[in-house]
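Down below is the structure, laid out as structure tokens.
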Amino acid sequence: MDVNRRNEMKKVIVSVKLRDILIGILIFNICIVIFSLIVVGVNKGNRQLKYGNTENKQIEHNNSKVDLDLKKEKDTILNKKIDSCINLYLTREKRIVKLDLEQYVLGVVSAEMPANFNIEALKAQAVAARTYAVCHTKHLVGGGCSLNANADICDSVHCQAYISQEKRMKTWPKKERAELYNKVKEAVESTRGQVLSYDGELVMNPYYFATSSGKTENSEEVFKESKPYLKSVESPGEEVAPKYKTQFKFSNANFTTVMNSQFKGLNLNSNIIKDKINILERSQGGSIKQIKIGNITTTGKMIRKLFGLPSANFTISFESTNIVFNCKGYGHGVGMSQWGAGVMAREGKKYDEILRHYYSGIEIKTLNYK
Numbered sequence: 000m001d002v003n004r005r006n007e008m009k010k011v012i013v014s015v016k017l018r019d020i021l022i023g024i025l026i027f028n029i030c031i032v033i034f035s036l037i038v039v040g041v042n043k044g045n046r047q048l049k050y051g052n053t054e055n056k057q058i059e060h061n062n063s064k065v066d067l068d069l070k071k072e073k074d075t076i077l078n079k080k081i082d083s084c085i086n087l088y089l090t091r092e093k094r095i096v097k098l099d100l101e102q103y104v105l106g107v108v109s110a111e112m113p114a115n116f117n118i119e120a121l122k123a124q125a126v127a128a129r130t131y132a133v134c135h136t137k138h139l140v141g142g143g144c145s146l147n148a149n150a151d152i153c154d155s156v157h158c159q160a161y162i163s164q165e166k167r168m169k170t171w172p173k174k175e176r177a178e179l180y181n182k183v184k185e186a187v188e189s190t191r192g193q194v195l196s197y198d199g200e201l202v203m204n205p206y207y208f209a210t211s212s213g214k215t216e217n218s219e220e221v222f223k224e225s226k227p228y229l230k231s232v233e234s235p236g237e238e239v240a241p242k243y244k245t246q247f248k249f250s251n252a253n254f255t256t257v258m259n260s261q262f263k264g265l266n267l268n269s270n271i272i273k274d275k276i277n278i279l280e281r282s283q284g285g286s287i288k289q290i291k292i293g294n295i296t297t298t299g300k301m302i303r304k305l306f307g308l309p310s311a312n313f314t315i316s317f318e319s320t321n322i323v324f325n326c327k328g329y330g331h332g333v334g335m336s337q338w339g340a341g342v343m344a345r346e347g348k349k350y351d352e353i354l355r356h357y358y359s360g361i362e363i364k365t366l367n368y369k
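Numbering (numbering that gives the first Met the number 0), first residue to last: 0 to 369.
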């Protein structure tokens, strides 16, 4: 074979090998693309992407499980026999006492509502107080009181006020003691075991307070958490309450000192504060949601806390060298108004009507004690 012939054959062999290599590379790339499409398609369909969403999906799953477990607990309380005891922390004595739940509720109603109120108002208070106690009981729903890790609840307004029979009797007129005590006792006994429920579950936030400004508050506008049974409702007739309207005066100097110490960089001048205060927004119930003071914006709730005001529903005026707060209502304004309940009871409303008015959509269930 001559030299030219051999060279031509070598070229053909090289060309064939190069073609095979290129075809192999092409086939490999095609396989990679097809495989990728299949994997992505499967993962997309199953919502199980390996990166990015796995942790979030697990969190969602865990939250759902927690919600279901809590729902089950709240359902169980209403549908099984429960231990009717509660561990009460006595804040002044700094000790815990174990009480029967109904005995405890008797002490709460005595402390929280005037005994000369109509008995239907006292009954409504008993149901609300009992519900509050149950939803704080550790062995039932894992509640508790932050003032003492071993207690379910305390005897101060941090939870709900409580007073023993002996102490309460001493505060009542001697001739009326027996009558008033028996009245409160009847209110508690006639509602024995009754609690508030919503959608088949124990109500976990049965808030109540002293006096409204004529309307209660939506829970989300005060506590940042929306509850369907804690909606703003009318509460007329409370003008007779002793703390329906109150006035507080502070010197301009005192006001600016408190504000400047609370808010860094405010630098409020006591001589020119009149034009530096502007109420920006009020809640449905009338409380101040946002107020601008100098270069900061805060809440009526914060101003109430700083100056010890009875409510966050107030107007501001100026008098010589003083700033004047004219307040309406007493308390946070969410749930049942105690004075409003008293007004409704005096007008002939029954305790269940009072409760359904202040707690939207609730039902009244009876606990089954052991």
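All C-beta atoms, glycine included, are put in the ideal place defined by N, C-alpha and C.
Nearest-angstrom Cα separation, counted from residue j out to residue i
i    : j    : result
S211 : A252 : 31 Å
E237 : A344 : 12 Å
R94  : Q102 : 18 Å
P227 : N294 : 36 Å
M168 : Y180 : 8 Å
L69  : T297 : For L69, the predicted model reports a pLDDT of 49, less than 50, meaning its position is unreliable and no value from the coordinates is stated.
F249 : A311 : 16 Å
S260 : K80  : 53 Å
As assigned by DSSP and simplified to three states, the class of residue i
i    : result
M335 : strand
N86  : strand
D154 : coil
V96  : strand
Q289 : strand
Q102 : helix
Q193 : strand
R91  : coil
N61  : Residue placement at N61 is poorly supported in this model, since its pLDDT is 34, which falls under 50; the coordinates still yield a value, given next. It is helical.
S260 : helix
Y180 : helix
I361 : coil
Q159 : coil
V107 : helix
Y131 : helix
T75  : helix
Y207 : strand
E346 : coil
L267 : coil
N217 : coil
Contact set for residue i: own chain, Cβ-Cβ below 7 Å, skip 5 residues either direction
i    : result
G341 : F116, N117 and A120
M258 : L265, L267 and I292
K263 : none
S35  : Residue confidence for S35 is low, a pLDDT of 44 falling below 50, so the modelled location carries little weight and cannot support an answer.
Closer than 9 Å to chain D by CB, residue i
i    : result
A110 : In the structure shown, chain D cannot be found, because there is only a single protein chain.
Proximal residues to residue i (C-beta, below 6 Å), its chain only, five neighbours per side dropped
i    : result
Q246 : N325
Q193 : V126, I363 and T365
L100 : S83 and I85
Neighbourhood of residue i by C-beta, 8 Å cutoff - its chain only, sequence neighbours within 5 removed
i    : result
L354 : A123, V126, A127, L195, M335, I361 and I363
E352 : M343
V96  : N86, L87 and L89
A150 : N86, L87, Y88, I95, G143 and C144
L279 : K288, Q289, I290, K291 and T296
For residue i, the residue or residues it bridges with in DSSP
i    : result
I276 : I292
K327 : K244
K173 : DSSP output for K173 lists no bridge partner at all.
I118 : DSSP, once it has assigned bridges, lists no residue as partnering I118.
Contact between the region 274-294 and the region 167-187: three or more CB pairs below 8 Å?
Judged by Cβ distances under 8 Å, the region 274-294 makes no contact with the region 167-187, as fewer than three pairs qualify.
- prompt: Contact between the region 206-221 and the region 324-341: three or more CB pairs below 8 Å?
  reply: With a cut-off of 8 Å, the region 324-341 and the region 206-221 count as touching, because enough Cβ pairs lie within range.
Check whether the region 135-147 and the region 156-168 are in contact - that is, three or more C-beta pairs closer than 8 Å. The region 135-147, when compared against the region 156-168, does touch it at the 8 Å Cβ threshold.
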